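Enquirer:
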Amino acid sequence: MALLLGGLAGCSSQAGGAGRSAPAGGEARPTGKVTDAVYEAAVDRFAECLAAEGIELVNEGWDPVDHEKMVLRYSAPAKSANEVGKVTTKCRTAHLDAVAAAYTEDNASLMAPDLMTAVRDCLAEKGIGLSGRERNPQDLLRAVPGEDELRTCVHASAARLYPELSTVAFP
């Protein structure tokens, strides 16, 4: 059974980091700015925790839509979905949630440059021009009045550029 873990790091960036706390039962928020390396180390700890319970974490890399989270899925053919869910929640709370939340707060959302170019080109083909200053999904949502066209362009461009990804999330 292969399942996708969605929304590990949240869906939007926020400036600042004062007053952050760990999720109930989880690790404390790391001190200092949470970098890609800190986030990746937390994902490694999450994977080790899952592996100890017989669940394989498949890390597909950074989400090209916003670079706010990694695309993660897991495989546990010998376990029920309920059992996998319980273990995943335990391990995620213990090793990833606080770091993921802090990463989202500490780092600006940024669409992969090749994806942004493809989305701009797709929108231009539909007669929708952009300023060229858009850097992330929120910028695109503010700039494009018709969300259906935007979603179509993001999903089609991501599927063409990143066919190996199991999923692409767009706000």
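The sequence shown begins at -5 in my numbering and counts up one residue at a time.
For glycine and all other residues, C-beta sits at the position ideal for the given N, C-alpha and C.
Just so you know, these numbers come straight off a predicted model, no measurement behind them.
1) By a C-beta neighbour count over all protein chains shown, 10 Å radius and 16 as the cutoff for buried, is Ala36 buried or exposed?
2) Going straight from the alpha carbon of Pro157 to that of Thr111, what length do you get?
3) Within the same chain, show all residues whose beta-carbon is closer than 7 Å to that of Arg39, passing over the 5 residues directly before and after it, in chain order.
4) Leaving out five residues before and five after Ser160 in sequence, what residues of the same chain have Cβ atoms less than 7 Å from its Cβ?
5) Write down the C-beta distance between Arg145 and Phe164 rounded to the nearest angstrom, noting that I regard them as a contact closer than 8 Å.
6) Decide if Pro71 is buried, meaning its Cβ has at least 16 other Cβ atoms within 10 Å, or exposed.
7) Helix, strand or coil, according to DSSP, for Asn167 in the structure here?
8) Output yes or no for whether 8 Å exceeds the beta carbon distance between Val52 and Val162.
Expert: Taking the definition as stated:
1) buried
2) 17 Å
3) His89
4) Leu(-2), Glu54, Val65 and Arg67
5) 6 Å
6) exposed
7) The shown model of the chain, from -5 to 165, leaves out residue 167, and the question about it has no answer.
8) no
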